[in-house]
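**Q**
In the working numbering, the protein residues as written are 1 to 85.
(1) Does the Cβ of residue 71 have 16 or more other Cβ atoms within 10 Å, making it buried, or fewer, making it exposed?
(2) Given a threshold of 16 other Cβ atoms within 10 Å of its Cβ, counted over all protein chains shown, does residue 37 qualify as buried or as exposed?
(3) Bridge partners of residue 15, per DSSP?
(4) How far does the alpha helix (DSSP H) with residue 73 in it reach, from first residue to last?
(5) Can you list, in chain order, the residues of its chain whose CB lies under 6 angstroms from that of residue 42, leaving out five sequence neighbours each side?
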């Protein structure tokens, strides 16, 4: 039985064959999907696939309004709607 820290389902199981011929299970973190725009669901540009805590602070999120939440086109349309009333 694996140790308690590895029993979590947040880790994915990868079956691997060792050089000695044994079949073992390795535990890895799951891969993240690309962040998507809240309105049009397209992938956001300028943001990597890593979680914010795994990334350096300088490359985490764009510093514009709604950065990391809306894509540039949806933000442009939202600002136009807000200004025009």
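Here a beta-carbon is modelled for each residue, glycine too, at the ideal position from N, C-alpha and C.
**A** Straight from the coordinates:
(1) Around the beta carbon of residue 71, a 10 Å sphere encloses 16 or more other beta carbons of the protein chains shown; the residue is thus reported as buried.
(2) buried
(3) 25
(4) 72–84
(5) 71
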